[in-house]
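Using numbering that gives the first Met the number 0, the letters of the sequence shown map in sequence onto residues 0 to 73. Input: a single structure, listed below in structure tokens.
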Amino acid sequence: MKRKAKLALRVNHDNPNHHLWNNRGVWWCHLTVHKPDATAERLRFSLKTRDVDQARERRDRIFRQIAEHYEIAA
């Protein structure tokens, strides 16, 4: 069952590092969840890798897992 919160994912296909940033050599991911009560929550978490290819793979896997629980708002 999908929850009413929506995950804001604006994917820029021209930028393979969308939703990623490098903080002192370690890759992080960030996204926003829009909740039914008109609030939003920013989620930021470490991907625990210094390798950009591995960071992209982890980001994509996390997005797939999150999409199973939330609707995606483009």
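Beta carbons: idealized from backbone N, C-alpha and C, even for Gly.
(message) Given a cut-off of 8 angstroms on the beta-carbon distance, is the pair Val51 and Trp26 in contact?
(response) yes
(request) Report all residues from its chain with a CB closer than 6 angstroms to the CB of Ala39; omit the five preceding and five following residues, and keep chain order. (result) Thr31 and His33
(request) Please say whether Ala54 and Leu46 have beta carbons closer to each other than 8 angstroms? (result) yes
(message) At the level of alpha carbons, what is the spacing between Arg58 and Tyr69?
(response) 16 angstroms
(message) Can you give me the C-alpha to C-alpha distance between Arg49 and Leu19, rounded to a whole angstrom?
(response) 12 angstroms
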